[in-house]
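**Student:** Attaching a single structure in structure tokens format; questions to follow.
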Amino acid sequence: MKSQIETIRKTRSFLLEQIKNLSNEQLNRVADGFNNNIIWNLGHMIAAQQGICYKRAALPAMINEDFWEKFRTGSKPQGPLSDDEITQIKDLLMTTLDKVQTDYDKKIFGNYTAWSTRYGVEIASIDNAIEFLPYHEGLHAGTIQAIKRRVTK
């Protein structure tokens, strides 16, 4: 699983590099043709990873319920995020991943509830979940890149 987690880490590092010069207004802007923004996509990647890994295993997540509700599947931006909220998301991109790696190594994900993604992928274990995450993160990385092209014109 270390290679999948490293793939996620590289994707998230790449995205952080890509957005480092964007203003908070650009991060919060919902570009024409989109129903979300760059910072929502980053928050969603965190919420999805926490839900897929921790909530499905009946374990406490690193994010609170408010964060979960703001960024879970089916949500959309409800207004601009503050500087502090944006900083928190940037920090959580790596700290949540570090925790998954540590907790995976500790083998705490034994009580995993099987489920099916909307893409038809069966997830029956934490291994399946971690194998699926690079695909999910790649989808959102592409969306972030597309939005970035629109908000930096």
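This note's numbering applies: residue 475 is where the sequence shown begins, and numbers increase by one.
Ideal Cβ positions, reconstructed from N, Cα and C, are used throughout, including at glycine.
Using the rule of at least 16 other Cβ atoms within 10 Å of the residue's Cβ for burial, across every protein chain shown, is Ala-588 buried or exposed?
**Tutor:** Exposed, because fewer than 16 other Cβ atoms sit within 10 Å of the Cβ of Ala-588.
**Student:** In whole angstroms, give me the CA-to-CA distance for Asp-557 and Pro-551.
**Tutor:** Each residue's alpha carbon lies about 15 Å from the other.
**Student:** Excluding the 5 residues flanking His-518 on each side, which residues of the same chain have their C-beta closer than 6 Å to its C-beta?
**Tutor:** Within the same chain, His-518 has close Cβ partners Phe-545.
**Student:** Are Ala-532 and Asn-602 touching if we call contact CB-CB under 8 Å?
**Tutor:** Their beta carbons are not under 8 Å apart, which means Ala-532 does not touch Asn-602 by this criterion.
**Student:** What's the call for Thr-547, buried or exposed, on a 16-neighbour Cβ count within 10 Å?
**Tutor:** With fewer than 16 other Cβ atoms within 10 Å, it is exposed.
**Student:** In the region 496-538, which residue ranges form an unbroken alpha helix (DSSP H) of at least 4 residues, counting only runs that do not cross its ends?
**Tutor:** Whole alpha helix (DSSP H) segments, 4+ residues: 498-502, 512-527.
**Student:** Could you check what DSSP says for Ser-590 in three-state terms: helix, strand or coil?
**Tutor:** Three-state result, Ser-590: strand.
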